[in-house]
Amino acid sequence: MSMEPAGDPQFLTPAIQLQSKDHEEILNVIDQLRSEGISRYVNLPQLVVCGDQSSGKSSVLEAISGLGFPIKDNLCTRFATELILRRSSTLGVTASIHPDEDRPVSEQERIREFESSTVDLGRFADIVKEAENHIGVGQDGHVFSKDVLRVEVSGPTQPHLTLVDLPGLYHAPDEFQSVEGVDFVESLVLSYIRNERSVILAVISAKSDIALQKVTAFTRKVDPTGNRTMGIITKPDSLPEDSDMERSFFQLANNKRVPFRLGWHVLRNRDHKERHFSLAQRNEKELAFLASGVWAALPKSQGGIDSLKPRLSAVLKDHILSELPDLIGETQQSAHDTAASLRRLGDARQTLADQRQYLLHSSERLTSLLGSAIHGVYNDPFFGDAMEDDGYQRRLRAVVQNRLSDFSENLEKHGMQREIIDDDDDDYDDDANSMDSSEPRILRSNFVQEVQQRMRRSRGRELPGTFNPLIIGDLFYLQSKPWESIVTDCIDNLLEDVQKTTLPILRHILDNKSLTGLIEHVLNPAFDAIEASLRQKTRELLEPQQLGHPITYNHYFTDSVQEARVGHIYRNTARRLKEFLGGQYPQNSSSVQRFTFSIDLLVESLAGETEVSMEVFAASEAVDCMQAYYKVLRLSRL
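Residues 1 to 638, numbered by UniProt numbering, are exactly what the sequence shown covers, in order.
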């Protein structure tokens, strides 16, 4: 573990140089937001250093911040470390641990009790070690942790910035880390770099081929265009001079192999032998290395820590300015949501009387809003704009009326198992009937033949030329088969509509804890009972259409049967008259013309109307009765 002497002036007043005068005011605003705790609700700009294990991440962060991060040869970062830099007239450091929310409450309280034994910036590595021991990493097989070490550093030359050091990505387990740790670290890294307001510093070690390092794939996953990613090449001094590998990494540094919009940067960090070097000695070594060999051809703006700092300053400035409009909007929305949440919480409820008063007030508000939604009075601001989906869904009466209108139309258009078409219907196309209608279509003559066959198989005590009345029920049950699914869909939609209106009202008037309890112990049981009752009533209404004996006293039934018979007579009479007149039959049936014919022959032709087959006649009558009964039942259900 390396650390700088406590008295080193570079650590007492770190010259980080990550800001310029033209965006200092913006950074001050962001720092104020962070100090108010807004970062818990709105993502704020920060630098995230990520890379494969032992790639030199902590060394990069140390060079940027001026703080002595702990560096080990076998394992570096075991949990996320958020370094919050703030400007202040006095020097100081405050360390705390934000516990993983998945820990038990007692464990979280213990973790929050962490206090560092030192406030010396030069002993920053000791702070990290103390945090490791307090969290318990490395104990009982727990190598990594989702707890977060937060270190706030203040000083007159500090910028307003947040830097994050993350555990390194790795491929295979060893004696220090398990197979499960691979997924754990990947998930932790992704949770930080997914934040679109994070500038990703992807650290690539020159000791390993870039194709073997996970970090490039991860950055591409969350930032496909490389819009907010900068690559940093470390350990370039490990490459043999004039080797293919050195030339390959030189091309990478010039943004030619894995291009990022923010480009690449080369840093030479301290090796193990130089771990006690001061930052000044480190920087001197780096300048000498970058001035030799192939690296001398690298633009000065792309190599060394001194050029990285102003480069990051410009990158952060542009990134912050591009994110600022959305950041302002999210902050305002978060403030609005928080104020609304406080209103829902209401006054303190420490006594039973206070709790009852809160529930009474909430129930009165619920009754008022739900009553307005049911009765169609939408004056309250809660209902919003009817042209917005949320506003419309809260208008329960309008939603239910439209839903029932759709149900009526759906039952009328799609309630029949098959649509029966008259034989002389010019619009019927037997080849395309399945495409022109939502339900199968069948000619009346073909349907009558099917009924005739069914009657033969269901004969009772009826006389020839008549039909068993029960056949009407059989035909109706078959023809009304789609009713059940149509009614069930309507019931499902209505239940969903009621919930979509009720839940927003409850969210509007209750705090989350009260809402959760009310839903679990009151609403869900009540909705379940209502749903069970509604479905039972639906079964009662559908049962006569499925099992009962067909019966009705509605005169519309006899009217419909007689109307059907008159229609048959009219069509058959017109057909026979057309056959009798032959070529004399006028094209326009409403025209007035003179004809010469024998009255006896005309009467004989029309009298031949009698159906030869009594079975066909009976089947046709049964179809007429079924269709009339279907109309009566459909209209009565609507």
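The beta carbon of each residue, even a glycine, is placed where N, CA and C say it ideally should be.
- The C-beta distance from phenylalanine 289 to arginine 268 rounds to 5 Å, short enough to fall under 8 Å.
- An exposed status is given to glutamine 453, since fewer than 16 other beta-carbon atoms sit within 10 Å of its beta-carbon.
- Going by beta carbons, isoleucine 505 and leucine 369 fall inside the 7 Å limit.
- In the DSSP assignment, glycine 567 falls within the alpha helix (DSSP H) that extends over 555 to 581.
- Scanning its chain for C-beta atoms nearer than 8 Å, with the 5 sequence neighbours on each side dropped, one finds around serine 372 the residues Tyr378, Asn379, Asp380 and Phe383, in chain order.
- Valine 105 and histidine 98 have their C-alpha atoms some 13 Å from each other.
- Between the stretch 616 to 634 and the stretch 467 to 474 there are three or more inter-stretch CB-CB distances shorter than 8 Å, so the stretches are counted as touching.
- Less than 7 Å separates the beta-carbon of isoleucine 200 from that of threonine 229.
- CA-CA distance, valine 400 to leucine 494, rounds to 7 Å.
- Distance between alanine 529 and alanine 353, taken at the CA atoms: about 30 Å.
- Ranked by how close their Cα comes to the Cα of arginine 112, the residues Asp126, Ala131, Phe124 and Arg123 have Ala131 in first place.
- Take the alpha-carbon of arginine 257 and the one of leucine 188: they are about 27 Å apart.
- Considering only Gly181, His319, Asp271 and His171, the residue with the shortest C-alpha distance to asparagine 227 is His319.
- By the neighbour-count definition (other C-beta atoms within 10 Å, threshold 16), aspartate 147 is a buried residue.
- DSSP places isoleucine 204 in the uninterrupted beta strand (DSSP E) bounded by 198 to 205.
- In this structure, DSSP gives glutamine 108 a helical state, which the three-state scheme calls helix.
- If you check the CB distance, glycine 51 and valine 203 come in under 7 Å.
- For tryptophan 295, DSSP assigns no beta-bridge partner whatsoever.
- In the three-state DSSP reduction, isoleucine 374 falls in the helix class (H, G or I).
- Within the stretch 264 to 314, the complete alpha helix (DSSP H) segments of 4 residues or longer fall at 279 to 290, listed in chain order.
- Counting only residues of its own chain and dropping the five nearest sequence neighbours on each side, phenylalanine 580 has a CB closer than 7 Å to the CB of Leu602 and Ser605.
- Residue range 483 to 509 is occupied by the alpha helix (DSSP H) that includes leucine 495, with no beta strand (DSSP E) assigned at that position.
- Beyond the five residues adjoining it in sequence on each side, glutamate 107 comes within less than 8 Å, by CB distance, of Pro99 in the same chain, given in chain order.
- Distance from the CA atom of glutamate 615 to the CA atom of isoleucine 472, rounded to whole angstroms, is 15 Å.
- With a minimum length of 4 residues, the unbroken runs of alpha helix (DSSP H) contained wholly in the stretch 357 to 406 fall at 389 to 393.
- In the structure shown, glutamine 46 falls within a strand segment according to DSSP collapsed to helix, strand and coil.
- Scanning its chain for C-beta atoms nearer than 7 Å, with the 5 sequence neighbours on each side dropped, one finds around phenylalanine 184 the residues Phe144, in chain order.
- Pairing valine 93 with lysine 214, the inter-Cα distance amounts to about 34 Å.
- Counting the other Cβ atoms within 10 Å of the Cβ of leucine 475 gives 16 or more, which makes it buried.
- Between serine 154 and arginine 86, the C-beta spacing is below 7 Å.
- Judged by DSSP in its simplified three-state form, methionine 416 adopts coil rather than helix or strand.
- In the displayed model, glycine 92 falls within a strand according to three-state DSSP.
- Taking one beta carbon from each stretch, the stretch 244 to 252 and the stretch 268 to 282 have fewer than 3 pairs nearer than 8 Å; the two do not touch.
- Per DSSP, valine 128 is one residue of the alpha helix (DSSP H) stretching across 124 to 135.
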